[in-house]
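Terminal number for the sequence shown in our numbering: 172, no gaps in between.
Backbone N, C-alpha and C fix where the C-beta goes; we use that ideal spot for every residue, glycine too.
This report concerns only the one structure given below.
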Amino acid sequence: MDIQYFYDKMDRNNILLSYKGDITSELLTSILDIIESKMDTLQEKPQLRKKVYIVLVELLQNLYHHMDTPSMDENAEITKKAIFLIGKEENHYKVITGNYIKNDTVPVLKKKMDEINALSPDEVKEHYKRILSNGQMSDKGGGGLGMIDIARRTGKPLLYEFVPVDGSFSFFTLNVVIE
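Put into structure tokens, the structure is as follows:
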């Protein structure tokens, strides 16, 4: 295995951190600490640092709280993993997350993401305020604000994909640009 090749490839693609594995609360804390330190080293402006940090918290919490784990079988070691990648390009950060979800949740999540993407930035802000004020909680304990908050803070569409894995699960990827 050529470690220098992987290092050079990550360096060329401006990858600050990549991870594949089980998502734990300790891992989330470590990732946030690492990225905060890297942004400090890069001397990022405080406003960008704050935006990146808040969006990362939301993305990582989504991985932690919304990852479905396939039943134990010969592929369980592979299928229960999630991915996280953050890179820095000229004036923005790019974050990609991926996790397994049950196929029956795909249409609901797709509909929610498409509805958010159809809104203007001002409409996203109003939608966020409306949900926050109605006090309803989702099945997983939040108000369904995560994706809306990401869109609100980035001002960009949520780029996503669902890749079918088998009859029960799909792999959900989310690509977010923060500037």
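With distances taken between CB atoms, is the gap from L78 to L53 smaller than 8 Å?
What you label residue 78 is simply residue 85 of the sequence shown in a count that begins at 1. What you label residue 53 is simply residue 60 of the sequence shown in a count that begins at 1. The answer is no: Cβ separation not under 8 Å.
For I24, which residues from the same chain have a beta carbon less than 8 Å from its beta carbon, with the 5 sequence-adjacent residues on both sides left out?
As a working mapping, residue 24 is identified with position 31 in the sequence shown. Closer than 8 Å at Cβ, skipping near neighbours: L10, Y12, L49, L53 and F77.
Please classify K103: is it buried, with 16 or more other beta-carbons within 10 angstroms of its beta-carbon, or exposed?
Walking along the sequence shown from the start, residue 103 turns up at place 110. Flag for K103 reads exposed.
For L138, the three-state DSSP class (helix, strand or coil)
To locate residue 138, count along the sequence shown from 1; it is residue 145. Coil.
Return the chain-ordered list of same chain residues with a C-beta closer than 6 Å to the C-beta of T166, the five sequence neighbours on each side being excluded.
Position 173 of the sequence shown, counting from 1, holds the residue named residue 166. For T166, where only same-chain residues beyond five positions count, the Cβ hits under 6 Å are G91 and E154.
State the start and end residues of the unbroken alpha helix (DSSP H) segment that holds E37.
Stepping through the sequence shown from its first residue, residue 37 is reached at position 44. From DSSP, E37 is part of no alpha helix (DSSP H); its letter is neither H nor E.
Please name the residue in Y93, K122, S30 and A144 whose C-alpha comes closest to that of M106.
Looking up residue 106 in the sequence shown gives position 113. It is A144 whose Cα lies nearest to the Cα of M106.
Using a 10 Å radius around the Cβ and a threshold of 16 neighbouring Cβ atoms, would you call E70 buried or exposed?
Working through the sequence shown from its first residue, we reach residue 70 at position 77. Residue placement at E70 is flagged as unreliable, the pLDDT there being 47, under the threshold of 50; the coordinate-derived value follows with that caveat. E70 comes out exposed.
Counted within 10 angstroms of its Cβ, other Cβ atoms place Y87 as buried (16 or more) or exposed:
Position 94 of the sequence shown, counting from 1, holds the residue named residue 87. What sits at residue 87 in the sequence shown is Lys, not Tyr. In this structure K87 is buried. Its beta-carbon is surrounded by 16 or more other beta-carbon atoms within 10 angstroms.
With respect to the beta strand (DSSP E) encompassing E108, which residues constitute its N-terminal and C-terminal limits?
In the sequence shown, residue 108 corresponds to position 115, counting from 1. That residue, E108, is in no beta strand (DSSP E); its alpha helix (DSSP H) goes V99 to N110.
Reduced DSSP category for N96 - H, G, I as helix; E, B as strand; rest coil:
Residue mapping note: residue 96 aligns to position 103 of the sequence shown, counting from 1. Helix, per DSSP.
Classification of N55 by the beta-carbon crowding that lies within 10 angstroms, buried from 16 upward:
Numbered from its first residue, the sequence shown carries residue 55 at position 62. Classification for N55: buried.
From which residue to which residue does the alpha helix (DSSP H) around E116 run?
Taking the sequence shown and counting its residues from 1, the one referred to as residue 116 is at position 123. P114 to N127 is the span of the alpha helix (DSSP H), which, as asked, contains E116.
Which word fits I171, buried or exposed, when buried means at least 16 other C-beta atoms lie within 10 angstroms of its C-beta?
Indexing the sequence shown from 1 puts residue 171 at position 178. Under this definition I171 is a buried residue.
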